[in-house]
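First to last, the sequence lines map onto chains A and B. The letter at position 37 of the first sequence is residue 42 when you use the numbering used here, and the numbering goes up by one with no holes. The letter at position 131 of the second sequence is residue 162 when you use the numbering used here, and the numbering goes up by one with no holes. Comments concern the structure below.
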Amino acid sequence: MVASTQTNGTALIELQGVTKVYGEGHAAMRALAGIDLRIEQGDFVAIMGHSGSGKSTCLNILGCLDSPTSGSYRFQGVEVSQLTRDQRARLRRYYLGFVFQGYNLLKRTTAIENVELPLIYRGVPARERHQIARRTLAAVGLEGWESHSPSELSGGQQQRVAIARAIIADPSVLMADEPTGNLDTARSEEIMDLLCRLNREAGITIVMVTHEADMAEYAKRIVHFKDGRIESDQQNGRTN
Amino acid sequence: MLWNTLLLALREIRRNVMRSFLTVLGIVIGVASVITMVTLGNGATQHVTAQIASMGSNLLMVTPGRRMGPGQQGMAPAFKGEDAQAIAREIGSVSAVAPVSTGAATAIFGNENWSTSVTGTTSEFIALRNMALHSGRNFTTSEAHAGAAVCIVGQTVREKLFGSQDPIGQRIRLGSLSFQVIGLLEAKGQSMGQDQDDLVIVPLRTFQRRISGNQDVRLIQVSIRDGASTEKAQQDIRLLLRDRRRLAAGEEDNFQVMDTKEISTMLTGATQVLTGLLGAVAAVSLVVGGIGIMNIMLVSVTERTREVGTRLAIGALEREVLLQFLVEAVALSSLGGLFGILLGLGASFGLKSVLQVPFVFDPGIAIIAFLFSAAVGVIFGYFPALKAARLDPIEALRHE
Numbered sequence: 006m007v008a009s010t011q012t013n014g015t016a017l018i019e020l021q022g023v024t025k026v027y028g029e030g031h032a033a034m035r036a037l038a039g040i041d042l043r044i045e046q047g048d049f050v051a052i053m054g055h056s057g058s059g060k061s062t063c064l065n066i067l068g069c070l071d072s073p074t075s076g077s078y079r080f081q082g083v084e085v086s087q088l089t090r091d092q093r094a095r096l097r098r099y100y101l102g103f104v105f106q107g108y109n110l111l112k113r114t115t116a117i118e119n120v121e122l123p124l125i126y127r128g129v130p131a132r133e134r135h136q137i138a139r140r141t142l143a144a145v146g147l148e149g150w151e152s153h154s155p156s157e158l159s160g161g162q163q164q165r166v167a168i169a170r171a172i173i174a175d176p177s178v179l180m181a182d183e184p185t186g187n188l189d190t191a192r193s194e195e196i197m198d199l200l201c202r203l204n205r206e207a208g209i210t211i212v213m214v215t216h217e218a219d220m221a222e223y224a225k226r227i228v229h230f231k232d233g234r235i236e237s238d239q240q241n242g243r244t245n
Numbered sequence: 032m033l034w035n036t037l038l039l040a041l042r043e044i045r046r047n048v049m050r051s052f053l054t055v056l057g058i059v060i061g062v063a064s065v066i067t068m069v070t071l072g073n074g075a076t077q078h079v080t081a082q083i084a085s086m087g088s089n090l091l092m093v094t095p096g097r098r099m100g101p102g103q104q105g106m107a108p109a110f111k112g113e114d115a116q117a118i119a120r121e122i123g124s125v126s127a128v129a130p131v132s133t134g135a136a137t138a139i140f141g142n143e144n145w146s147t148s149v150t151g152t153t154s155e156f157i158a159l160r161n162m163a164l165h166s167g168r169n170f171t172t173s174e175a176h177a178g179a180a181v182c183i184v185g186q187t188v189r190e191k192l193f194g195s196q197d198p199i200g201q202r203i204r205l206g207s208l209s210f211q212v213i214g215l216l217e218a219k220g221q222s223m224g225q226d227q228d229d230l231v232i233v234p235l236r237t238f239q240r241r242i243s244g245n246q247d248v249r250l251i252q253v254s255i256r257d258g259a260s261t262e263k264a265q266q267d268i269r270l271l272l273r274d275r276r277r278l279a280a281g282e283e284d285n286f287q288v289m290d291t292k293e294i295s296t297m298l299t300g301a302t303q304v305l306t307g308l309l310g311a312v313a314a315v316s317l318v319v320g321g322i323g324i325m326n327i328m329l330v331s332v333t334e335r336t337r338e339v340g341t342r343l344a345i346g347a348l349e350r351e352v353l354l355q356f357l358v359e360a361v362a363l364s365s366l367g368g369l370f371g372i373l374l375g376l377g378a379s380f381g382l383k384s385v386l387q388v389p390f391v392f393d394p395g396i397a398i399i400a401f402l403f404s405a406a407v408g409v410i411f412g413y414f415p416a417l418k419a420a421r422l423d424p425i426e427a428l429r430h431e
């Protein structure tokens, strides 16, 4: 069953025949072998697959961290597959947020300073930045933890800080790469609940890579990758 | 953005205070040594200039040897006492002439002995050198002629040999001969680390016979009558000495007749060459300090690879990452420069009493040292910063 039901109008994300080849000649490795994927505004997509299935490569391309070898990637209707490094950086700055498995917070830097980071690159003045960061930390349930550094926070709290950092600049899409990979089940569920709430209440589109079926269950739609191709793409029965 | 970057850089430096300090230690030491060398060198130059100016403008110094450049002398035959007499006799504008020969000797009085410098000269010497007698008397003409065993001592020699005793009329031994002390000089104090009161003055003839054993005179000091032309006297002495030394028409002078301005230029030239050399050595240590900064910045970039990856993912441009690390390196090296300047000024201030050199603060050299250290940051910080900026965000995020 193919989920591209709304074929009319412009999708938020549209991949057509996207391939990615690493290396050249005999050493060449085909990570993506032609991907067609449409993601609408407000969706919550879980990308699943074994390691080497191409799911991370796909997320890197969706997150504009990498360019496809061939094929077309339209973001809000604009072709972005052949952008330069700096152009992709600007795109990430204004439209994308990232959450990583290892949190990737700056060491010896307080939670609020970590959360502010994207606003610094957007040139938001310091006062305004503090206000927004404070509000965003509160939104992920970390009121009162502003001046703690990552080493003083639990894994779940660190991931919340990372989520706050990802959403502070109101991105169109949140790219999450194994966001619960380093957390225990209870903490993982809290993080997934938070992501669902952000998707539902703030309307943030979420694309999440995971290999845990439990976590994928939280998404509205599950896409399975195998050997660089999409194996299945289904709406999730669960409603949240 | 630049202001933010600067704050960010300072925060990064603060986060690693110990490492930052060790990193810039090279720059601190380099700048401190440049500042110390130049400050002390300037002090020495000023001191020499002031001292020579105090000698008066009507003084000439005649020394054997060719002029070769600042502070250098070629080999040439020494003068004789008769050369000094000839200058006094034949040059009309000369008011006083003192031939000078110096050597080292041990002065002995009772159980006390003291190594000092012995100057053989004439009675004009004391006045020519701006010295004065504290007590006793100068040589008489007959004593000078006869090469009598009489001497005038400086305050340091008096203190070491006689303690609180009155030295006048006592007999001291210099080498093999016993001398009667007939005069005591006024104290003149230290000059550039040299004790000007540590000397014994004896008549030239006595010196030549009893101490040096030869007729050589290494220096003739000449003072010119007030109102007479120094240039003219210089020229007259030159011609007289060329004649006495039997130089052919085409031959170069094998002696120099210098006025105080030239002496001052020669001496300051020497200190300036020395200052320049020491400054250059210190500048090398600045470059070494720069390499230290580059080293640590490279380590820092590697260590913060994930941070760079995160920043790039968030949307930092290549040049923003470059700028961040560059500003960090420059902030680091400039802080080092600032500390170095303070340390150098402190050191020169502390050393001024040890080296007897006045403290002359030159803001120009401080500014140059600061800019130089900042430039070291730019030059040695650029490569690590470029390395950080060129990182692939995906690789960097995966870095352990």
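Idealized CB from N, CA, C, for every residue including glycine.
The straight-line gap separating the alpha-carbon atoms of residue 247 (chain B) and residue 383 (chain B) is approximately 37 Å.
Just measuring C-alpha positions, the residue of A:64, A:185, A:95 sitting nearest residue 127 (chain A) is A:95.
When secondary structure is reduced to three states using DSSP, residue 244 (chain B) falls in the coil class, being assigned neither helix nor strand. Taking every protein chain shown into account, the CB of residue 25 (chain A) has 16 or more other CB atoms within 10 angstroms, so this residue is buried.
Boundaries of the beta strand (DSSP E) harbouring residue 27 (chain A): 18-27, taken from the DSSP string. Excluding its 5 nearest sequence neighbours in each direction, residue 420 (chain B) has C-beta neighbours in its own chain below 6 Å: 349, 352, 353, listed in chain order. Taking 9 Å as the cut-off, the beta carbon of residue 75 (chain A) is found no closer than this to the beta carbon of residue 66 (chain A). At a cut-off of 9 Å, the C-beta of residue 35 (chain B) has a neighbouring C-beta in chain A. Rounded to whole angstroms, the gap between the alpha carbons of residue 96 (chain B) and residue 306 (chain B) is 25 Å.
Contact between residue 170 (chain A) and residue 122 (chain A) holds, with the beta-carbon distance rounding to 6 Å and staying under 8 Å. Of all residues in the segment 111-124 of chain A, the ones placed with a Cβ closer than 7 Å to any Cβ belonging to chain B are 111, 113, 122, 123, in chain order. Within a 10 Å sphere around the beta-carbon of residue 32 (chain A) sit fewer than 16 other beta-carbons, which makes this residue exposed. In the structure shown, the three-state DSSP call for residue 211 (chain B) is strand. Residue contact check for residue 324 (chain B) against chain A: no CB pair falls below 9 Å. Residue environment for residue 336 (chain B): buried (at least 16 other C-beta atoms within 10 angstroms of its C-beta).
Within 10 angstroms of the beta-carbon of residue 361 (chain B) lie 16 or more other beta-carbons, which makes it buried. Distances from the alpha-carbon of residue 36 (chain B) to those of A:80, A:131, A:77 put A:131 closest. Of B:74, B:33, B:47, the smallest CA-CA separation from residue 302 (chain B) is found for B:74.
According to DSSP, residue pairing for residue 137 (chain B) in a beta bridge involves B:146.
Each residue's CA atom was taken as its position, placing residue 368 (chain B) and residue 325 (chain B) some 16 Å apart. Considering only beta carbons, no part of the segment 280-309 of chain B lies closer than 8 Å to chain A. Restricting attention to beta strand (DSSP E) runs no shorter than 3 residues, the segment 182-241 of chain A encloses them at 210-214, 226-231, 234-240, ordered along the chain. At a Cβ-Cβ threshold of 9 Å, residue 116 (chain A) and residue 86 (chain A) do not count as neighbours. Look at residue 204 (chain B) here: in three-state DSSP terms it is strand.
With respect to the 9 Å criterion, residue 52 (chain A) and residue 212 (chain A) are classified as neighbours on the basis of their beta carbons. Boundaries of the beta strand (DSSP E) around residue 94 (chain B): 90-95. For residue 92 (chain A), DSSP assigns no beta-bridge partner whatsoever.
Proximity of chain B to residue 70 (chain A) at the Cβ level (cut-off 7 Å) is accounted for by 344, 424, 425, in chain order. Under DSSP, the beta-bridge partners assigned to residue 79 (chain A) are A:19, A:84. Taking the beta carbon of residue 333 (chain B) as reference, no residue of chain A falls within 8 Å; the closest one sits roughly 14 Å away.
Rounded to the nearest whole angstrom, the C-alpha separation of residue 118 (chain A) and residue 111 (chain A) is 9 Å. In the structure shown, residue 50 (chain A) adopts extended strand secondary structure according to DSSP, grouped into three states.
Less than 9 Å divides the Cβ of residue 252 (chain B) from the Cβ of residue 90 (chain B).
Residues of the segment 345-373 of chain B that bring their beta carbon within less than 9 Å of a beta carbon in chain A comprise 345, 346, 347, 348, 349, 350, 351, in sequence order.
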